[in-house]
Structures are given as C-alpha cells and as structure tokens.
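K.L.:
If you're matching them up, the sequences are chains A and B in order. For the first sequence, our numbering begins at 55 and goes up steadily by one. For the second sequence, our numbering begins at 206 and goes up steadily by one. Beta carbons are placed, not taken as given, at the ideal position from N, Cα and C, and that holds for glycine. Pasting a structure here, questions to come.
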Amino acid sequence: MRNIFIVLKKDLQIAWRDKTGWLSSFIFSVILIFIYAFAFDLAKTNSELLLPGILWTTFLFSGIIVCNQSFQQESATGTLDAMIASPISQTSIFFGKFFCNLISLSIVQFMIVVLGTIMFQVNLLKIEVILVIFLGTIGFVSLATLLSAFEYRERFRAVLLPVIELPILIPLLLAGVQASSSALEISNTSSPWLIFLAIFSLWGFLGSILLFPLVNEK
Amino acid sequence: MTSIKITILELGNWFLQPLWHSRWIILPVITSICVMAMLIGAVIAAPREIIEGDVQRLMYIHVPSAIISYLAFGITAVASAILLINGKLYWDAIARASAGIGLLLTFFALSTGAIWGKPIWGIYWTWDARLTTTLVLFLIYSSYLLVRNLGNANDTRAARYAAIVGLIGYLDIPLIHFSVDWWRTLHPQRIVFDIRPSLPTEMLIVLGIAFLAVLSLVLWLILLSATTEYLHQQVGKLSGDLDQMES
Numbered sequence: 055m056r057n058i059f060i061v062l063k064k065d066l067q068i069a070w071r072d073k074t075g076w077l078s079s080f081i082f083s084v085i086l087i088f089i090y091a092f093a094f095d096l097a098k099t100n101s102e103l104l105l106p107g108i109l110w111t112t113f114l115f116s117g118i119i120v121c122n123q124s125f126q127q128e129s130a131t132g133t134l135d136a137m138i139a140s141p142i143s144q145t146s147i148f149f150g151k152f153f154c155n156l157i158s159l160s161i162v163q164f165m166i167v168v169l170g171t172i173m174f175q176v177n178l179l180k181i182e183v184i185l186v187i188f189l190g191t192i193g194f195v196s197l198a199t200l201l202s203a204f205e206y207r208e209r210f211r212a213v214l215l216p217v218i219e220l221p222i223l224i225p226l227l228l229a230g231v232q233a234s235s236s237a238l239e240i241s242n243t244s245s246p247w248l249i250f251l252a253i254f255s256l257w258g259f260l261g262s263i264l265l266f267p268l269v270n271e272k
Numbered sequence: 206m207t208s209i210k211i212t213i214l215e216l217g218n219w220f221l222q223p224l225w226h227s228r229w230i231i232l233p234v235i236t237s238i239c240v241m242a243m244l245i246g247a248v249i250a251a252p253r254e255i256i257e258g259d260v261q262r263l264m265y266i267h268v269p270s271a272i273i274s275y276l277a278f279g280i281t282a283v284a285s286a287i288l289l290i291n292g293k294l295y296w297d298a299i300a301r302a303s304a305g306i307g308l309l310l311t312f313f314a315l316s317t318g319a320i321w322g323k324p325i326w327g328i329y330w331t332w333d334a335r336l337t338t339t340l341v342l343f344l345i346y347s348s349y350l351l352v353r354n355l356g357n358a359n360d361t362r363a364a365r366y367a368a369i370v371g372l373i374g375y376l377d378i379p380l381i382h383f384s385v386d387w388w389r390t391l392h393p394q395r396i397v398f399d400i401r402p403s404l405p406t407e408m409l410i411v412l413g414i415a416f417l418a419v420l421s422l423v424l425w426l427i428l429l430s431a432t433t434e435y436l437h438q439q440v441g442k443l444s445g446d447l448d449q450m451e452s
C-alpha cells in the first residue's frame, strides 16, 4: 500500500510540474467538441441525441493522450528499468500508475462535463451520468495503463496506442454511450448496459493486474 | 496400471510419429482432395437454393471461414498464454502464424458476406452483430500483427507485447459479441448447429466437406507459416552467435 502511494505521489508530482499531459488532453477535448459542433451543426440538429456519443469519443481520445504519457518519460530516461529493478512490486507500480491516470483523466472529464453542460444546455452533472462515466473510466484506464506500458519506439508510439486500444474498447464505448443515453433519459433501452459496463470494467481491471507484471518481465 | 500407460504411450508414438514425419505429404494431399471435393460439391453437386439462387453457394466458403477463423485466433490466444508463462519463442511462431491465417479467413468471410449481402439484403455492409464482431476481430488481430512486427523474429519483448494483445483480444470476443448483439442484429439465424437443421441433407454434406477442406487448408498453412517463422528465429539466433564469435 505504501509503495502504491509512493509511485502515485511521484507520478502526480511529475504530472503537476510538467502539466503537458493533462493540459494537452483537455485542450484537445475542447477542440474535439468544437469540431463535432461544426461537423454536425449542433446548433440546428437535436444535439441531445448525439451528446452521449460525443462525450464518450472525447473521453476515449483524451484518455489515450493522458495514459500515453504515463510511461513515456520514464521509458525515455531509463527510469522505468530502475523502478522494475527496485524492490517495489510490479503490481504496486501498476496501481500507482492506474490511480494517477484515473485522477488526471477524471479531472479532464469533469471539465468536459461542465463545458458540455454549458454548451449543449443539457444537465450532465447528474449522479447517474457521473456513475456511468466513472465506471467506464475504471475499465478504460486499466486497459490503457497496461497497453501504454509497452516500450514502443518513439515514432510508432502515437499511432500504435490508439490502433491497439480502440478496437478492444468498442464494448466499453457502446455500453458507455447507451448507459449515458439512459441516464440522460434520451433513450430507454431494455438491455442492462450499466451492469455490462461494470462487468467490462471489472474484466479490464483484473486482466490488467494479472498481465501487467508480464509486460516488463526480465 | 503403469504397463497400460506405457502401452498407450507406445501406441500413440507408433501412430503419431510417422504421421508427424510425413506431415508435408499428408496435409497437402488431404487438403487438395478436400478442396477439390468442396469445389465440385459447392458448384455442381449441391442443389440450387430456390429463393437466393446461385449466390447462396458462397455459404460453403463463408460459413467455414468465419467459424474456423475463431479457431485460428483461439490458437493464437492459447499459444500467447503459453508464451507468457514459459517464454519459449516457438510458441510465438505458432501464435503469429495462426493470427495471420485467421486474418486471411476473416477477410474471406467478410468479403464473401458482402458479395452475398448485396443481392440478398440489398447492401454490401450492415452493422449487424456477427458482422461487426468479425470486423472488430479483424482490427484487433491486425493490431496484434502490427505490434509483433515492431521487432524481428527473435525479439522477445515484441513477442510478449503481441501475446498480451492476442490474449486480451480473444478474451474480449464474448464482450464484443454481447455488446454489438444488444446494440442491433439483422444476421440470418443459425442454420447449421440447430438441433433440427433447416438445410437439406445434400447441402449439409457439402458444407461438412467444406469445413474439412478449410480446416485442413488452415492447419497446413499454420504449420507451414509457423515452421517458416521458427526457421527465421533459428537463423536470427545463429547469425547473432556468429557476430559474437567474430567480435
């Protein structure tokens, strides 16, 4: 537990000092929302129907930027090898990174939700919507943390991560959009999307914990 | 008890060893016979479907390709899991080979489905559950091969990364299927594995032969591809050793 806190504290300090990761992620999300607004002409069309999809695609893309940076610096400076060689267990490293990404992405998501509420005149700050976003984010961050631990060559990194992650995350995207639509009372689906989202997140979380020690096995 | 065990093992060896040694003769011969039988069966012997017409004959390649692609990806997942446990690189050769063949089968299934879909459904593509799941599988295993191609044949790190993608991708299949199924579905109901099949016997026989043909072709190709990959690994290892000796 103490080791998890040490890794988390270190990563949060780096994120706070650097600011590039979560700030670029937030600015990218804002730009993405503007792009959607222009592309779908949200002022004229019924934006409520498109809103869950817009929110979740924005979360996924901004999340990839946040999680992509969690190992990038350490991998470039060689600190990751030192961390693995240290007495801290790989699971503690995973949990530290996971919580750091979860906190960073949750802050970005909160800002997007506030911005969405103002821009689309739909109250997104409902407890049901926040629960859906939080559940989905746990699954997403687990898998994204696991896959971002791969040490890619620098020029491949930006392209490969979304290519690997997005097809695996399609069930999460579908469940997140449908559960958010239900929470916002836009549509009434009979399928239990919230339970599915919880199952996917649990699957992603447990799978990532089990597989993470194998990523950097020496 | 021990003597029975030894006898069974001896019998197994007596039967399997010659089979393994003559694999490069047996597999091509069986595959050629089955593929010829499938072609004759599908084009000439099988009756013409009254409603769908000749385009229904695509089913004989579409259904086996779709189902056996799951088997190929299953082999990739199992080989990936074993590689992650014991680290032996020949499991990577098997995983990589079956992923490539699985992709080829998925491509066949998707393209024959599209050709069939146009005259029957009036569209080449629809966001139906099984179609979408197959497309997502195609994307996941394409990314598997992309990750694996980051390193050469002997790169254990790239092999491990690819194995993780291969394993997660396979475990993701039921989740993808359920989610897309709830999302929407249009695909014709299963007609092969029902207790009372709705296909005529002649068509079922040809379909059975087609399954055998695709299965033997896939096994042959996987074995061929895995052996080539394994030889690549050996050549890489030998040239590495040679470089070390020279320096």
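Taking only the alpha-carbon atoms, compute the straight-line gap between residue 338 (chain A) and residue 367 (chain B) and give it to the nearest angstrom.
P.N.:
This structure cannot settle anything about residue 338 (chain A), because the visible part of chain A is limited to 55 through 272.
K.L.:
What would DSSP say about residue 70 (chain A), mapped onto helix, strand or coil?
P.N.:
helix
K.L.:
For chain A, find out if any of its Cβ atoms is closer than 9 Å to the Cβ of residue 274 (chain B); answer yes or no.
P.N.:
no
K.L.:
What distance in whole Å lies between the Cβ atoms of residue 363 (chain B) and residue 356 (chain B), which are believed to be in contact at a cut-off of 8 Å?
P.N.:
3 Å
K.L.:
Please list, in chain order, the chain B residues whose beta carbon lies closer than 8 Å to that of residue 269 (chain A).
P.N.:
365, 366 and 369
K.L.:
Output, in sequence order along the chain, the residues in the stretch 415-426 of chain B whose CB is closer than 9 Å to any CB in chain A.
P.N.:
For chain A, none of the residues of the stretch 415-426 of chain B brings a beta carbon within less than 9 Å of one of its beta carbons.
K.L.:
When the Cα of residue 255 (chain A) is compared with those of A:112, A:169 and A:194, which residue comes out closest?
P.N.:
A:194
K.L.:
Do you know offhand how far residue 444 (chain B)'s Cα is from residue 416 (chain B)'s?
P.N.:
42 Å
K.L.:
Alpha carbon to alpha carbon, what distance is there between residue 197 (chain A) and residue 57 (chain A)?
P.N.:
21 Å
K.L.:
Would residue 400 (chain B) count as contacting chain A if we go by Cβ distances under 9 Å?
P.N.:
Residue placement at residue 400 (chain B) cannot be trusted, given a pLDDT of 46 that sits under 50; what the coordinates show is reported in the next sentence. So no, residue 400 (chain B) is outside the interface.
K.L.:
To the nearest angstrom, how far is it from the Cα of residue 324 (chain B) to the Cα of residue 318 (chain B)?
P.N.:
11 Å
K.L.:
Based on the DSSP output, what are the partners of residue 200 (chain B) in its beta bridges?
P.N.:
The requested residue 200 (chain B) does not occur in the structure, where chain B is confined to residues 206 to 452.
K.L.:
Under the three-state reduction of DSSP, which class applies to residue 401 (chain B): helix, strand or coil?
P.N.:
Residue placement at residue 401 (chain B) is poorly supported in this model, since its pLDDT is 47, which falls under 50; the coordinates still yield a value, given next. Coil at residue 401 (chain B), not helix or strand.
K.L.:
Between B:426, B:255 and B:377, which lies nearest to residue 405 (chain B) when the distance is taken from Cα to Cα?
P.N.:
B:255
K.L.:
Just the Cα atoms here: how many angstroms apart are residue 75 (chain A) and residue 121 (chain A)?
P.N.:
9 Å
K.L.:
When you compare each of B:341, B:333 and B:353 to residue 303 (chain B) by their alpha carbons, which one comes out closest?
P.N.:
B:353
K.L.:
How about the stretch 161-178 of chain A and the stretch 82-93 of chain A: do they share at least three Cβ pairs that are nearer than 8 Å?
P.N.:
yes
K.L.:
Taking 9 Å as the CB-CB limit, is residue 381 (chain B) close to chain A?
P.N.:
yes
K.L.:
Quick check on residue 444 (chain B) - is its C-beta less than 9 Å from some C-beta in chain A?
P.N.:
no
K.L.:
When Cβ atoms are compared, which residues of the stretch 303-333 of chain B fall closer than 7 Å to chain A?
P.N.:
none
K.L.:
List, in order along the chain, the chain A residues whose C-beta lies closer than 7 Å to that of residue 285 (chain B)?
P.N.:
Going along chain A, no residue has its Cβ under 7 Å from residue 285 (chain B), so there is no contact; the nearest lies around 10 Å.
K.L.:
Does the beta carbon of residue 253 (chain A) sit closer than 9 Å to a beta carbon anywhere in chain B?
P.N.:
yes
K.L.:
List, in order along the chain, the chain A residues whose C-beta lies closer than 8 Å to that of residue 388 (chain B)?
P.N.:
228 and 232
K.L.:
Buried or exposed, going by whether 16 or more other CB atoms sit within 10 Å of the CB of residue 191 (chain A)?
P.N.:
With 16 or more Cβ atoms within 10 Å of its Cβ, residue 191 (chain A) is classed as buried.
K.L.:
Does any residue of chain A bring its CB to less than 9 Å from the CB of residue 351 (chain B)?
P.N.:
yes
K.L.:
Could I get the ranges of all uninterrupted alpha helix (DSSP H) runs contained in the stretch 295-329 of chain B, with 4 residues as the minimum, in chain order?
P.N.:
Here no run is fully enclosed.
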